[in-house]
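Numbering (my numbering), first residue to last: 157 to 671.
For each residue, glycine too, the CB sits at the ideal point set by N, CA and C.
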């Protein structure tokens with residue numbers, strides 16, 4: 157009996173053990189799975205594996221349409237939300253170059269451009285995506301208000317043709333026959349000075365500011381203003397001494413240039429007046445077309461550099477606090493676009509533009525620049541970078557200063573040349589950008605003077621050429637970085653009632669916009 161009881165207990169224990177959760181799960185599985193798992197001696201039934209594989213493939217084919225539909229709906233929703241966020245961000249950045257109302261309208265259109273799925277595609281008035289991304293139209297930005305620019309240039313050129321030439325003719329004729337030559341010269345000198353200040357000084361500047369011309373259009377107007385002022389000064393400066401010497405010698409004939417000679421000088425690629433220049437026999441019109449095509453290509457390449465390397469870097473710079481670390485990173489990130497812009501300005505203007513006009517006018521002296529890239533001193537770099545402007549500064553600023561004060565003031569004469577050049581460059585940038593931020597003036601008047609006296613012509617060898625290029629790279633990075641930061645700070649942090657100090661204080665130091 158005791159043995160029977162033990163047998164019953166073992167059977168009850170085995171029955172209870174078979175009812176554990178693992179065994180119950182095994183019993184609930186299909187017969188095919190149980191037979192697969194219960195294959196003995198480690199052998200696998202091949203027919204069963206093939207049958208199970210076919211079943212899984214059939215189940216996957218049934219689930220595939222539902223899965224793809226679900227993935228497509230989630231992906232479409234994600235892309236739509238991303239486009240909406242992009243339109244919101246780009247519309248906020250477009251407010252820097254568009255009025256606030258225009259940016260709000262574009263943002264409203266971007267938000268409402270998505271139609272409900274059940275209604276299908278709905279057409280609405282909206283702009284292209286690239287225009288929203290870039291934030292402005294290239295043609296409007298560069299050639300905006302072109303009639304105003306053209307009329308301003310035409311007035312400046314006509315005034316430069318008529319006023320200086322007629323003033324000189326009247327003065328020369330009256331001076332040769334008048335007994336009160338001192339009063340006569342003072343009177344006409346005052347008239348010419350008033351013309352320089354009012355006609356070529358305040359007039360173009362007022363038009364550029366009052367009509368709110370785009371920066372590129374302002375550059376055209378202001379650079380033409382500076383060019384015509386320098387041309388008019390050279391014409392008077394070269395011809396007045398000849399009249400004075402002829403009256404002093406009592407030769408009886410006063411040399412007065414023809415109007416055709418003066419007109420040729422106004423278009424010639426030089427700032428030094430002469431009655432005659434060396435001329436080429438023919439004009440190569442294919443060469444002219446090639447040079448103008450290269451200028452156009454350089455402009456579009458410069459535009460690409462600004463869009464690709466500058467705008468993404470500085471558009472959101474106002475979101476960060478102005479600090480030394482951010483300034484250093486900004487300068488080093490700006491070296492590449494700054495150097496590329498430097499090369500493009502040199503190639504497009506000093507080589508292509510001046511050579512094109514020289515070819516059309518058969519102007520034979522094409523020494524517009526020298527091998528400035530081989531300079532081992534800044535003194536040589538300043539002489540070879542832009543020969544056209546250097547000649548004007550050398551003859552009419554440096555030598556005239558020595559003529560007035562004596563040759564012992566060479567350092568003061570050189571300092572005066574740097575001051576004049578720095579002031580003119582800063583004037584051009586201030587009017588074109590619409591704010592006063594004397595970065596270029598400090599670089600010219602401080603570092604330029606120091607480098608000119610320390611890195612002088614006695615420095616020879618490749619090492620000094622490396623020093624020159626390194627400092628040039630850093631200088632271009634500083635210029636691009638600081639002026640770009642100030643430009644976007646003026647757009648993002650405007651002042652409703654600005655005072656005079658608001659125009660002088662850099663806005664980028666305190667502007668911080670939380671997007």
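Proximity of the region 584-602 to the region 360-372 meets the contact definition, three or more beta-carbon pairs being nearer than 8 angstroms. Taking 8 angstroms as the cut-off, the Cβ atoms of residue 325 and residue 392 do not count as close. Contact holds between the region 639-646 and the region 657-664, because three or more Cβ pairs, one in each stretch, are under 8 angstroms apart. Look at residue 524 here: in three-state DSSP terms it is coil, with no helix or strand label. Under the three-state reduction of DSSP output, residue 471 falls in the coil class, being neither helix nor strand. Contact annotation: residue 417 and residue 312 have beta-carbon atoms that are not nearer than 8 angstroms. If one requires a minimum length of 4 residues, the alpha helix (DSSP H) runs lying completely within the region 364-433 are 371-405 and 415-423, in chain order. In the displayed model, residue 208 falls within a helix according to three-state DSSP. Going by DSSP, residue 593 is part of no alpha helix (DSSP H) at all; its letter is neither H nor E.
The C-alpha of residue 535 is placed about 6 angstroms away from the C-alpha of residue 613.
In the DSSP assignment, residue 604 falls outside any alpha helix (DSSP H), carrying neither H nor E.
Between the region 590-610 and the region 550-561 there are fewer than three C-beta pairs closer than 8 angstroms, too few to call the two in contact. In the three-state reduction of the DSSP assignment, residue 435 falls in the strand class, which pools E and B. When the Cα atoms are used, residue 448 and residue 409 turn out to be separated by approximately 44 angstroms. Straight-line spacing of the CA atoms in residue 414 and residue 532 works out to 44 angstroms.
Contact between residue 516 and residue 439 holds: their C-beta atoms lie close to 6 angstroms from each other, under 8 angstroms.
In this structure, 529 is the residue among 597, 529, 540 and 574 with its C-alpha nearest to the C-alpha of residue 622. Under the Cβ criterion (8 angstroms, minimum of three pairs), the region 623-635 counts as touching the region 478-488.
Here residue 519 is bridged, per DSSP, to 435.
With a 10 Å radius around the Cβ and a threshold of 16 neighbouring Cβ atoms, residue 221 comes out exposed. Residue 569 and residue 554 do touch by the CB rule: their CB atoms are close to 5 angstroms apart, below 8 angstroms. Within the same chain, no residue comes within 6 angstroms of residue 357 by CB-CB distance, once the 5 residues on both sides are set aside. In the structure shown, residue 572 falls within a helical segment according to DSSP collapsed to helix, strand and coil.
By the C-beta density criterion, residue 401 is exposed, having fewer than 16 other C-beta atoms within 10 angstroms.
If you draw a straight line from the Cα of residue 498 to the Cα of residue 541, it comes to about 11 angstroms. For residue 444, the uninterrupted alpha helix (DSSP H) run begins and ends at 441-461, by DSSP. A check of alpha carbon separations from residue 526 across 518, 509, 597 and 546 identifies 546 as the nearest. Residue 426 and residue 387 have their C-alpha atoms spaced approximately 8 angstroms apart. Excluding the 5 residues flanking it on each side, residue 451 has same chain C-beta neighbours closer than 6 angstroms at 504, 508 and 509, in chain order. CA-CA distance, residue 360 to residue 377, rounds to 7 angstroms.
Rounded to the nearest angstrom, the gap between the Cα atoms of residue 609 and residue 566 is 12 angstroms.
Following the DSSP letters along the chain, one finds residue 493 inside the alpha helix (DSSP H) bounded by residues 480-501.
Across the structure, residue 461 and residue 496 are spaced so that their CA atoms are roughly 8 angstroms apart. Secondary structure at residue 532: coil, using DSSP grouped into helix, strand and coil. A residue is called buried when at least 16 other Cβ atoms come within 10 angstroms of its Cβ; residue 626 does not meet this threshold and is exposed. Collapsing the DSSP output to three states places residue 666 in coil.
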